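S.K.:
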Amino acid sequence: MAENQNLLQMSHGKDGLGKVEIAPEVIEVIAGIAASEVEGVSQMRGSFATGVVERLGKKNHGKGVKVELAEEGIIIDVYCIMKFGVSIPTVAQKIQDNIRQTLLNMTALEADEVNVHIVGVQFENQKYEAEIEDEM
């Protein structure tokens, strides 16, 4: 595994048929989906532009995730909003575990760091207000 123009290269020894290159955007999507699957995560943080794009019908699975390919290895930063009433340390640990396991299963890569940043808490009444605004 080496870094070449922001791509991860994997080789499987002498009997390999070639090389496999994985773009960091692929890791962002995998980590984003894995984090949003965890119970207690309300949503992933995105920018205004991602919100507009999602309203137009295209889902952005990599939002709220930043992947850095450093000398130390793969560093993943996840920015998410939690549901009110959940144990933040427990949910954060589940997010880290799910991202590591999903990344390992899908790409055979191991993340050296999975940093979870809680950027907000979603209350139930905010959810209902958002649904009412969407209906209007």
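Those letters in the sequence shown? Residues 864 to 999, per the numbering used here, in order.
Just so it is clear, CB atoms sit at the ideal spot from N, CA and C, and this is done for glycine as well.
Note that the structure is a prediction, hence the values are computed from the model and not measured.
When the Cα atoms are used, what is the spatial distance from C943 to I896?
M.R.: Working through the sequence shown from its first residue, we reach residue 943 at position 80. Working through the sequence shown from its first residue, we reach residue 896 at position 33. Straight-line Cα distance between these residues: approximately 12 Å.
S.K.: Along the chain, where does the beta strand (DSSP E) that runs through K946 open and close?
M.R.: Mapped onto the sequence shown, residue 946 falls at position 83. Where K946 is concerned, the enclosing beta strand (DSSP E) stretches over G936 to K946.
S.K.: Check each candidate in I938, K926 and V977 and name the one with the smallest Cα separation from N961.
M.R.: Taking the first residue of the sequence shown as position 1, residue 961 is located at position 98. Of I938, K926 and V977, the residue nearest in Cα terms is V977.
S.K.: Specify the secondary structure class of G983 as computed by DSSP and reduced to three states.
M.R.: Here residue 983 refers to the residue found at position 120 when the sequence shown is read from its first residue. Three-state result, G983: strand.
S.K.: Could you check which residue in T970, M945 and L871 has the C-alpha nearest to that of H980?
M.R.: In the sequence shown, counting from the first residue as 1, residue 980 sits at position 117. Taking only the C-alpha atoms, the option nearest H980 is M945.
S.K.: Suppose the cutoff is 6 Å on Cβ atoms and the five residues either side in sequence are ignored; what does the same chain contact list for A894 look like?
M.R.: Reading the sequence shown from its first residue, position 31 is the one you call residue 894. Only V928, I939 and I962 meet the Cβ criterion.
S.K.: Give me the residue from E888, V892, S899 and G903 with the minimum Cα distance to L953.
M.R.: What you label residue 953 is simply residue 90 of the sequence shown in a count that begins at 1. Just to set this straight, residue 953 is Thr in the shown sequence, not Leu. Residue G903 is the option with its Cα nearest to T953.
S.K.: Looking at the unbroken alpha helix (DSSP H) that takes in V892, where does it start and where does it end?
M.R.: Translated into the one-based positions of the sequence shown, residue 892 becomes position 29. Residues P887 to S899.
S.K.: In whole angstroms, what is the alpha-carbon distance linking N923 and A971?
M.R.: To locate residue 923, count along the sequence shown from 1; it is residue 60. To locate residue 971, count along the sequence shown from 1; it is residue 108. For N923, the predicted structure reports a pLDDT of 49, less than 50, and the residue's modelled location is therefore unreliable. A value from the coordinates is still provided. Roughly 23 Å separates the two Cα atoms.
S.K.: DSSP puts Q959 in a beta bridge; with which residues?
M.R.: Looking up residue 959 in the sequence shown gives position 96. Q959 pairs with nothing; no bridge assigned.
S.K.: DSSP three-state label for V883, please.
M.R.: Reading the sequence shown from its first residue, position 20 is the one you call residue 883. Of the three classes helix, strand and coil, the one that applies to V883 here is strand, per DSSP.
S.K.: Would the beta-carbon of N869 fall within 8 Å of that of L966?
M.R.: Indexing the sequence shown from 1 puts residue 869 at position 6. Indexing the sequence shown from 1 puts residue 966 at position 103. Taking 8 Å as the Cβ cut-off, N869 and L966 do not qualify as a contacting pair.
S.K.: State the Cα-Cα distance for the pair I951 and I890, rounded to the nearest angstrom.
M.R.: Residue numbering aside, residue 951 sits at position 88 when the sequence shown is read from its first letter. Residue numbering aside, residue 890 sits at position 27 when the sequence shown is read from its first letter. Distance between the alpha carbons of I951 and I890: 24 Å.
S.K.: Verify whether the separation of the beta carbon atoms of Q985 and S905 is less than 8 Å.
M.R.: As a working note, residue 985 is residue 122 in the sequence shown. As a working note, residue 905 is residue 42 in the sequence shown. The answer is yes: Cβ separation under 8 Å.
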